[in-house]
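So the structure is just underneath, and the comments pick up after that.
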Amino acid sequence: RHADAQATAGYRAAMALFEQLGDRWGQALCLFGLAHIAAQAQQYADAVALATASLAIYQELHAPWRVTITRQQLAAYTAAMGDLDAAARYHQENLDAALENGERGAAANCLARLGELAQRRGDPGTARGYYRQSLDLYRQIGDARGAAGAAQLLAELG
């Protein structure tokens, strides 16, 4: 806890400096870090609020890679809170962006995550559909490890 308190204080001090400088990128990085610390402490509502603020800045700065990572974290935080619908929305937004940008590996990953959420909801049919789409994409791009993971998810589903 002491290390988390020190890290939190450091992020907050850095954020104040970034705000004085008008450095939005630095502010977003600090918010993202603070969200991670909150999530580690299982303070998911705080983590979501901080990550959402970070996401808004990354979107404003047109930083697609950071937007994707932040949405992944938001999906994890909201899922940990039990809000599987919100988690699915974040993964769906990432899937839409990946497909739009031709990032098939990222799309395959999003499909697998959507399948996991469907499975947690007790919807094996939808989960199976996502897992199959994920497996197909991984095979198309020659990602043997990704394909193996998707095949394992399908096998575990039965």
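Per our numbering, the very first residue in the sequence shown carries number 4; after that it's consecutive.
Heads up, the beta-carbon is just placed ideally off N, CA and C, and yes, glycines get one too.
Residue i classed as buried or exposed, judged by whether at least 16 other C-beta atoms fall within 10 angstroms
i: Gly149; result: buried
i: Glu22; result: exposed
i: His94; result: buried
i: Leu24; result: exposed
i: Glu103; result: exposed
i: Gln75; result: buried
i: Gly118; result: buried
Straight-line gap, residue i to residue j (C-alpha atoms, nearest Å)
i: Leu32; j: Gln46; result: 19 Å
i: Ser137; j: Tyr14; result: 37 Å
i: Arg123; j: Asp88; result: 11 Å
i: Gln62; j: Tyr133; result: 27 Å
i: Arg69; j: Ala79; result: 15 Å
i: Ala12; j: Ile40; result: 11 Å
i: Cys113; j: Ala19; result: 35 Å
i: Gly161; j: Ala111; result: 20 Å
i: Leu58; j: Gly29; result: 13 Å
i: Gly128; j: Ala10; result: 44 Å
i: His5; j: Asp139; result: 46 Å
i: Leu77; j: Gly152; result: 23 Å
Assigned secondary structure, residue i (DSSP; H/G/I helix, E/B strand, else coil)
i: Leu24; result: helix
i: Met84; result: coil
i: His65; result: coil
i: Ile72; result: helix
i: Arg124; result: coil
i: Glu103; result: helix
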